[in-house]
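Add 91 to a position in the sequence shown, counting from 1, and you land on the number used in the working numbering. Read the structure below first, then the notes.
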Amino acid sequence: MQPEELRDRFHLGVYPRRGKFFRSWWDKWLRVVLVAVVLVAAVPGYLAAGWLSARVGCRDGLPSDDLWTEDGECVGVTSGPYAFGLAEFGPVLARIAEQNDQAGKGGCRPGATPVTVAVLSTLTTPNGGGRALHEIEGYAAAQARANGVGCIHPIKLKVAHLGAAQQAARRVAELVREDPAVVAAVGLGLSDQRSADAADELGRPGQPMPMVGALITAEGFDADGSAADRPDFSTCDEGATYDNGIGEGYFYRVSHRNAKQIKLLGDFLKAAPDFIVTPNDKRDPYTCTALPFVRGLGERPEVKFDPTDPATVGYAAQRICGRQGSVSAFYIARSRDLGRFLRSVDEQYRNGLCEATSITVVSTSDAVRMRVPDHDPELEGARRQALESPVFRDGTLRLVYTPLADADSLRGGNTEFATLEGLFEAAGFDTAHLDGGWAINAYDALHTVSEAVRTLSANSEVTRGVLNSAISGFAAGTGRLGAGGRIEFDNSGNRTGDPVAVQLCPPREGKRPATVRVDARSNPADTHCR
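Right, here's the structure in full:
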């Protein structure tokens with residue numbers, strides 16, 4: 092058929108024009124049928140190709156729904172030893188895989204049904220430094236403890252990597268929720284909107300499961316949006332949902348929330364800080380939910396910096412060094428830039444440009460990053476230069492913070508912490524990884540679940556609802572001893588009790604940095620390191 096005839100008899104060369112003569116039904120509809128068949132076949136093929144391409148290359152073997160590539164990295168769920176292509180996590184995930192295989196074969200009651208707990212974590216977050224590995228080691232240690240002496244129902248773990256920006260959090264939560272073997276989740280990532288999204292998915296009516304957050308300290312991340320603290324979310328992103336709470340009453344956390352940490356630091360300072368150092372980014376719940384509480388200590392100049400531009404951190408140090416006398420500054424930001432900030436203060440002193448006789452910097456839990464070696468060479472260089480500077484060593488420049496859990500404060504006075512140290516040594520983990528607190532809180536999060544499981548008889552079916560009731564029963568006077576202290580929750584799922592404040596002391600020859608406890612009786616203008 093000639094092109095002119097095609098145009099005359101068919102729309103777009105495919106669909107027959109009305110009122111035209113056709114030689115036969117075949118001639119009339121053949122093109123339509125062929126195009127329709129091709130389209131119908133192509134759509135699932137296209138979808139399958141997209142599904143397959145996202146799942147090829149993460150590990151050997153056939154692709155599965157559990158692992159995929161998102162934003163350039165492998166994410167999803169593993170029972171070990173697969174380590175998402177991250178070599179440093181290989182040994183600990185191999186350990187978890189071995190413990191999964193041995194679950195029920197050791198100290199547990201014969202014939203008891205194993206239960207599965209999902210670990211949700213971000214293994215590659217730039218806000219973690221070197222601490223993500225410590226967190227997973229803490230879960231592995233808690234699993235070993237759970238399946239040891241006194242075990243009733245052995246515990247198996249599934250480890251989920253949420254991605255560097257927690258971009259896979261919601262999809263991971265959907266997979267975990269749909270798995271009938273999983274009865275609880277721990278970790279849940281960092282203080283982030285995507286953590287809230289994951290918690291809301293896991294707590295959604297239908298088959299909700301209990302969750303125990305390990306590292307989340309931001310306001311709003313509990314059952315009622317931290318209503319008792321009367322938080323102000325006006326400095327946060329307008330699209331945030333955590334102001335109304337998360338998890339539908341199934342979320343608990345073993346970390347002390349920011350409001351309690353800031354109150355303790357305010358008591359230590361005894362007056363409003365001279366400066367508030369904060370980023371100009373409103374999207375991070377860790378910062379935006381804390382800033383109003385810091386402002387509540389007293390109206391003071393705010394020194395802002397841009398986390399994407401390291402040069403602005405130096406300008407913040409210049410502002411603070413321009414004040415005479417003993418100066419205090421509340422650093423309320425992720426501590427990725429804290430080493431740069433302290434190093435910049437030291438540079439001002441070395442160049443004779445700092446008028447302050449001394450500077451006390453106070454900050455919340457993420458400041459422990461200054462105690463832990465960083466994976467980023469530039470950030471590690473800044474950290475070491477700050478800690479080894481003359482002004483930090485002689486106490487002219489001081490850092491006081493509220494850790495998630497402080498190994499130096501717990502050592503020698505907490506039997507469960509001693510148990511954790513022993514488990515680390517038995518597993519071949521570096522006990523220095525306890526210094527950052529992430530391993531301790533991870534241990535306590537899973538220890539909370541395992542202790543709740545131990546309240547159930549060997550013949551009991553461990554369901555999500557029954558387990559949630561058991562965890563909620565860990566209220567005042569009925570909790571359990573964790574490696575970081577007593578584990579008890581209020582009606583909103585927040586940990587009760589009080590955090591501690593410590594001063595970070597400079598490392599001595601050949602040793603790691605240590606801490607010393609401070610409180611409201613301590614003089615903020617003095618160093619407490621000896």
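Cβ atoms here follow ideal geometry from the backbone N, Cα and C, with glycine treated the same way.
When the options are compared against residue i, the one with the closest alpha-carbon
{"i": "Leu281", "options": "Ser613, Tyr333, Pro322 and Thr216", "result": "Thr216"}
{"i": "Ser325", "options": "Ser286, Arg386, Val593 and Glu542", "result": "Arg386"}
{"i": "Gly197", "options": "Ala305, Ala235, Arg222 and Asp162", "result": "Ala235"}
{"i": "Cys379", "options": "Pro615, Tyr341, Pro322 and Asn585", "result": "Pro322"}
{"i": "Gly519", "options": "Gly338, Asp156, Pro182 and Asp291", "result": "Pro182"}
{"i": "Ala536", "options": "Cys445, Leu279, Glu329 and Cys149", "result": "Leu279"}
{"i": "Glu161", "options": "Leu266, Ala260, Leu184 and Glu269", "result": "Ala260"}
{"i": "Val418", "options": "Lys373, Gly472 and Asn614", "result": "Asn614"}
{"i": "Arg391", "options": "Asn371, Ala407 and Asp365", "result": "Asp365"}
{"i": "Arg555", "options": "Thr169, Arg295, Gly163 and Tyr333", "result": "Arg295"}
{"i": "Arg374", "options": "Ile578, Asp313 and Ala256", "result": "Ala256"}
{"i": "Val168", "options": "Ser480, Pro401, Asn238 and Arg262", "result": "Arg262"}
{"i": "Ser426", "options": "Arg441, Asp457 and Tyr440", "result": "Asp457"}
{"i": "Gly416", "options": "Ser551, Ala407, Thr448 and Ala424", "result": "Thr448"}
{"i": "Asn559", "options": "Ala318, Phe342 and Pro401", "result": "Phe342"}
{"i": "Cys199", "options": "Arg268, Glu469 and Gly239", "result": "Gly239"}
{"i": "Phe580", "options": "Ser563, Arg285, Leu158 and Val593", "result": "Ser563"}
{"i": "Leu355", "options": "Asp428, Val453 and Asp270", "result": "Val453"}
{"i": "Ser170", "options": "Gly163, Gly513 and Tyr230", "result": "Tyr230"}
{"i": "Val593", "options": "Ala533, Asp617 and Ser500", "result": "Ser500"}
{"i": "Pro590", "options": "Ala319, Pro494 and Glu469", "result": "Pro494"}
{"i": "Cys412", "options": "Glu446, Thr403, Ala509 and Val273", "result": "Glu446"}
{"i": "Asp400", "options": "Gly389, Asn371 and Phe384", "result": "Asn371"}
{"i": "Gly575", "options": "Thr606, Ile337, Ala533 and Ile423", "result": "Ala533"}
Cα-Cα separation between residue i and residue j, rounded to whole angstroms
{"i": "Val206", "j": "Ala174", "result": "22 Å"}
{"i": "Asn482", "j": "Tyr492", "result": "Contrary to the premise, residue 482 reads as Val rather than Asn in this sequence. Each residue's Cα considered, the two are about 18 Å apart."}
{"i": "Asn335", "j": "Lys395", "result": "28 Å"}
{"i": "Cys596", "j": "Ala496", "result": "16 Å"}
{"i": "Arg489", "j": "Ile450", "result": "6 Å"}
{"i": "Tyr377", "j": "Ile531", "result": "20 Å"}
{"i": "Val277", "j": "Glu189", "result": "20 Å"}
{"i": "Pro398", "j": "Gly220", "result": "15 Å"}
{"i": "Gly141", "j": "Val210", "result": "The predicted position of Gly141 is uncertain, since its pLDDT is 48 and thus under 50; no value can be drawn from it."}
{"i": "Asn191", "j": "Gly573", "result": "23 Å"}
{"i": "Thr587", "j": "Gly443", "result": "46 Å"}
{"i": "Arg608", "j": "Arg502", "result": "13 Å"}
{"i": "Leu177", "j": "Thr308", "result": "27 Å"}
{"i": "Arg186", "j": "Gly405", "result": "43 Å"}
{"i": "Trp117", "j": "Cys149", "result": "Because the pLDDT of Trp117 is 47, which lies under 50, any placement of that residue in the model is unreliable, and the question is left without a value."}
{"i": "Arg410", "j": "Ala305", "result": "36 Å"}
{"i": "Gly584", "j": "Ser317", "result": "10 Å"}
{"i": "Gly486", "j": "Pro172", "result": "46 Å"}
{"i": "Ala139", "j": "Asp156", "result": "Only weak support exists for where Ala139 lies, its pLDDT of 44 falling under 50; the value from the coordinates is given anyway. Their backbone Cα atoms lie some 12 Å apart in a straight line."}
{"i": "Asp617", "j": "Ser551", "result": "57 Å"}
{"i": "Pro201", "j": "Pro271", "result": "23 Å"}
CB contact flag (residue i, residue j, <7 Å)
{"i": "Gly246", "j": "Val208", "result": "Per the sequence shown, residue 246 should be read as Ile rather than Gly. A contact, by the Cβ cut-off of 7 Å."}
{"i": "Ile59", "j": "Phe432", "result": "For residue 59 there is no data in the structure shown, the boundaries of the chain being 92 and 621."}
{"i": "Pro604", "j": "Arg462", "result": "yes"}
{"i": "Asp640", "j": "Ala498", "result": "Since the first and last residues shown for the chain are 92 and 621, residue 640 lies out of range."}
{"i": "Glu542", "j": "Arg571", "result": "yes"}
{"i": "Asn349", "j": "Thr506", "result": "no"}
{"i": "Ala561", "j": "Thr546", "result": "yes"}
{"i": "Ala407", "j": "Val436", "result": "no"}
{"i": "Leu511", "j": "Ala275", "result": "no"}
{"i": "Asp283", "j": "Ala611", "result": "no"}
Bridge partner(s) assigned by DSSP for residue i
{"i": "Tyr492", "result": "Ser454 and Val593"}
{"i": "Glu164", "result": "Glu161"}
{"i": "Met461", "result": "Partner(s): none; Met461 has no beta bridge."}
{"i": "Thr369", "result": "Lys395"}
{"i": "Ser282", "result": "Bridge partners of Ser282: none, in fact."}
{"i": "Phe421", "result": "Ile367 and Val453"}
{"i": "Ala209", "result": "Lys249 and Ala276"}
{"i": "Thr332", "result": "Per DSSP, none; premise fails for Thr332."}
{"i": "Arg577", "result": "Leu572"}
{"i": "Val404", "result": "DSSP, once it has assigned bridges, lists no residue as partnering Val404."}
{"i": "Ala447", "result": "Gly416"}
{"i": "Val609", "result": "Ala592"}
{"i": "Gly304", "result": "Gly278 and Arg344"}
{"i": "Thr587", "result": "In DSSP, Thr587 forms no bridge with anything."}
Whole-Å CB distance - residue i paired with residue j, under 8 Å assumed
{"i": "Glu228", "j": "His466", "result": "Actually they are not in contact, since the Cβ atoms of Glu228 and His466 sit about 15 Å apart, beyond 8 Å."}
{"i": "Thr213", "j": "Leu253", "result": "5 Å"}
{"i": "Pro299", "j": "Glu339", "result": "6 Å"}
{"i": "Thr539", "j": "Val345", "result": "7 Å"}
{"i": "Ala477", "j": "Gly528", "result": "Not really, about 19 Å apart at Cβ, beyond 8 Å."}
{"i": "Thr332", "j": "Ala287", "result": "6 Å"}
{"i": "Leu382", "j": "Thr369", "result": "6 Å"}
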